[in-house]
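The structure under discussion appears below in the form of structure tokens.
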Amino acid sequence: MAAGATYDKIASTTLVSATSTVTFSSIPQTYTDLVIVFSGKAANNTDAQVRVGGSNTPDSSASYSRHFMFGYSGGLVVDTIASLNGFIFSPYNENTNLVMVLHSYTNPNIYKPVLIRNGPKPSAGDNLTYISANIWRDATAINCVQFYSPTHNFSIGSMFSIYGIAAA
Amino acid sequence: MSPNIGVIASSTRQGLSTTSYQSIATATVGAGGATSVSFTSIPSTFTHLEIRATLVNASNFYSIKLRFNSDSGANYNYSQLFSYNPTNGGGDGPGTDTGALVGIGAKNSASYSSAMVAKIYEYAKTNLYKRVVGWGGVDGNGTGQTKLTYVYWANTNAITDIYCYADGSTMNQYTQFALYGIKGA
Numbered sequence: 000m001a002a003g004a005t006y007d008k009i010a011s012t013t014l015v016s017a018t019s020t021v022t023f024s025s026i027p028q029t030y031t032d033l034v035i036v037f038s039g040k041a042a043n044n045t046d047a048q049v050r051v052g053g054s055n056t057p058d059s060s061a062s063y064s065r066h067f068m069f070g071y072s073g074g075l076v077v078d079t080i081a082s083l084n085g086f087i088f089s090p091y092n093e094n095t096n097l098v099m100v101l102h103s104y105t106n107p108n109i110y111k112p113v114l115i116r117n118g119p120k121p122s123a124g125d126n127l128t129y130i131s132a133n134i135w136r137d138a139t140a141i142n143c144v145q146f147y148s149p150t151h152n153f154s155i156g157s158m159f160s161i162y163g164i165a166a167a
Numbered sequence: 000m001s002p003n004i005g006v007i008a009s010s011t012r013q014g015l016s017t018t019s020y021q022s023i024a025t026a027t028v029g030a031g032g033a034t035s036v037s038f039t040s041i042p043s044t045f046t047h048l049e050i051r052a053t054l055v056n057a058s059n060f061y062s063i064k065l066r067f068n069s070d071s072g073a074n075y076n077y078s079q080l081f082s083y084n085p086t087n088g089g090g091d092g093p094g095t096d097t098g099a100l101v102g103i104g105a106k107n108s109a110s111y112s113s114a115m116v117a118k119i120y121e122y123a124k125t126n127l128y129k130r131v132v133g134w135g136g137v138d139g140n141g142t143g144q145t146k147l148t149y150v151y152w153a154n155t156n157a158i159t160d161i162y163c164y165a166d167g168s169t170m171n172q173y174t175q176f177a178l179y180g181i182k183g184a
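Protein sequences appear in the order of chains A and D.
For the first sequence, position 141 (counting from the first letter as 1) is numbered 140 according to numbering that gives the first Met the number 0, and the numbering increases by one without interruption.
For the second sequence, position 109 (counting from the first letter as 1) is numbered 108 according to numbering that gives the first Met the number 0, and the numbering increases by one without interruption.
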């Protein structure tokens, strides 16, 4: 009862110059879920976005929303925010990580659910562990993913990767 | 695997692979909806299992749970870290349940969906209780929940069957559960 290979790297890039935007286009439609990974930092602590879309066009409209909790030295914080312009995560000015799972990204019948884990910033006072549930209120099959940091550029050496997971 | 009524089950992927993360089987809920899906005759050749699910529910935010080897007793011991709208959160447990809590179903809508990833560790061993880590969440554009759960099944039998269900709800069309095997070194 052997199974098939199912967890593939689709694309990855490491920055050689600072930039505000990294875009992956023409993502194959042959997987079931995507795993999107960021390992790096920004010029300063900031909120950044991951935008998705079809037809190689990232959607920057207010079609995203999130519910999140994070723990830090001050305890547990929970909030719910509607009508955002991307899936929110936080790169810091020291190396941080994002793991984002995007389920059923090609299903044209449902809004797309996303789970995010993000953190920590390795300096005293601001260490945090963040998880969130998110949705993109659009049933379009996704074939592009864009990282966008509107305030502080992603730094040299930051790595962006996309993996595909196929179901039987 | 054995399909349920209203569930479209794929065939198991065939062919030799040397990768350590492999698809075993997938179950997709069809137009009639379903309260559960099952994976049976799970091969014992992996070290761990992972279930990834996209959930479309007929009721708001129902719990998604797993049962092993048809055990519906209160043998699932859990604790969880959770949050719910708009600003509530905390921890819960230890407690016992009749299924392993691993995630949350979506907002009651034909379009909204939620996501869940659960890992089942050392499922084929016969000398220890089986541990499950669940990660799930749902967002409804102004509502939402997240969960991180830890469950152990108080049973040393190797897991051969997994029953996945929405506790108190029907899962609607486009709900999908996919079972993967992870090999050890």
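Cβ coordinates follow ideal geometry from the N, Cα and C atoms, glycine included.
When the distance is taken between beta carbons, is residue j closer than 8 angstroms to residue i?
i: H102 (chain A); j: R51 (chain D); result: yes
i: A138 (chain A); j: Y110 (chain A); result: yes
i: N84 (chain A); j: C143 (chain A); result: no
i: V34 (chain A); j: V100 (chain A); result: yes
i: S43 (chain D); j: A157 (chain D); result: yes
i: S22 (chain D); j: A166 (chain A); result: yes
i: P149 (chain A); j: S19 (chain A); result: yes
i: G135 (chain D); j: N56 (chain D); result: no
i: R116 (chain A); j: I130 (chain A); result: yes
i: Q175 (chain D); j: T53 (chain D); result: yes
i: G88 (chain D); j: L75 (chain A); result: yes
i: T13 (chain A); j: G118 (chain A); result: no
i: L147 (chain D); j: L48 (chain D); result: no
i: A75 (chain D); j: I181 (chain D); result: Reading off the sequence shown, one finds Tyr at residue 75 (chain D), where the question assumed Ala. No, the Cβ-Cβ distance between Y75 (chain D) and I181 (chain D) is not below 8 angstroms.
i: Y63 (chain A); j: F86 (chain A); result: yes
Please check if any C-beta of chain A sits within less than 8 angstroms of the C-beta of residue i.
i: S82 (chain D); result: yes
i: A117 (chain D); result: no
i: T86 (chain D); result: yes
i: V101 (chain D); result: no
i: Y149 (chain D); result: no
i: W134 (chain D); result: yes
i: I63 (chain D); result: no
i: D138 (chain D); result: yes
i: T11 (chain D); result: Only weak support is given to the placement of T11 (chain D): the predicted model assigns it a pLDDT of 39, under 50, and the question is left unresolved by the model.
i: R51 (chain D); result: yes
Bridge partners of residue i, per DSSP?
i: I161 (chain A); result: A:A10, A:I35
i: L80 (chain D); result: D:G90, D:L147
i: F88 (chain A); result: A:A47
i: Y20 (chain D); result: D:I181
i: D185 (chain D); result: With chain D covering 0 to 184 only, the question about residue 185 (chain D) has no answer from this structure.
i: N133 (chain A); result: A:R65, A:V113
i: A33 (chain D); result: D:M170
i: K64 (chain D); result: D:L100, D:Y164
i: Y128 (chain D); result: DSSP lists no partner for Y128 (chain D).
i: L127 (chain A); result: None; L127 (chain A) has no bridge partner.
Taking buried to mean at least 16 other C-beta atoms within 10 Å of its own C-beta, is residue i buried or exposed?
i: P90 (chain A); result: buried
i: K106 (chain D); result: buried
i: P112 (chain A); result: buried
i: G163 (chain A); result: buried
i: P57 (chain A); result: buried
i: Q28 (chain A); result: exposed
i: D91 (chain D); result: exposed
i: N140 (chain D); result: buried
i: G133 (chain D); result: buried
i: T125 (chain D); result: exposed
i: T95 (chain D); result: exposed
i: A73 (chain D); result: exposed
i: S11 (chain A); result: exposed
Counting contacts by CB-CB distance shorter than 8 angstroms, is residue i in contact with chain D?
i: D32 (chain A); result: yes
i: D78 (chain A); result: yes
i: M0 (chain A); result: Annotation note: pLDDT 36 at M0 (chain A) (below 50); position unreliable, no value reported.
i: P112 (chain A); result: yes
i: R50 (chain A); result: no
i: S82 (chain A); result: yes
i: I161 (chain A); result: no
i: Y147 (chain A); result: no
i: N96 (chain A); result: no
i: A167 (chain A); result: yes
i: L127 (chain A); result: no
Practice prompt. Mind the definition here: the region 65-83 of chain A touches the region 72-83 of chain D only if three or more C-beta pairs lie below 8 angstroms; say whether that holds.
Written response: At 8 angstroms Cβ cutoff, the stretches touch.
Worksheet entry | At least 3 beta-carbon pairs within less than 8 angstroms: the region 119-135 of chain D vs the region 93-101 of chain D | yes
Practice prompt. Count the CB pairs spanning the region 153-171 of chain D and the region 54-73 of chain D that are closer than 8 angstroms, and state whether there are at least three.
Written response: Note that the region 153-171 of chain D touches the region 54-73 of chain D; at least 3 beta-carbon pairs, one per stretch, sit closer than 8 angstroms.
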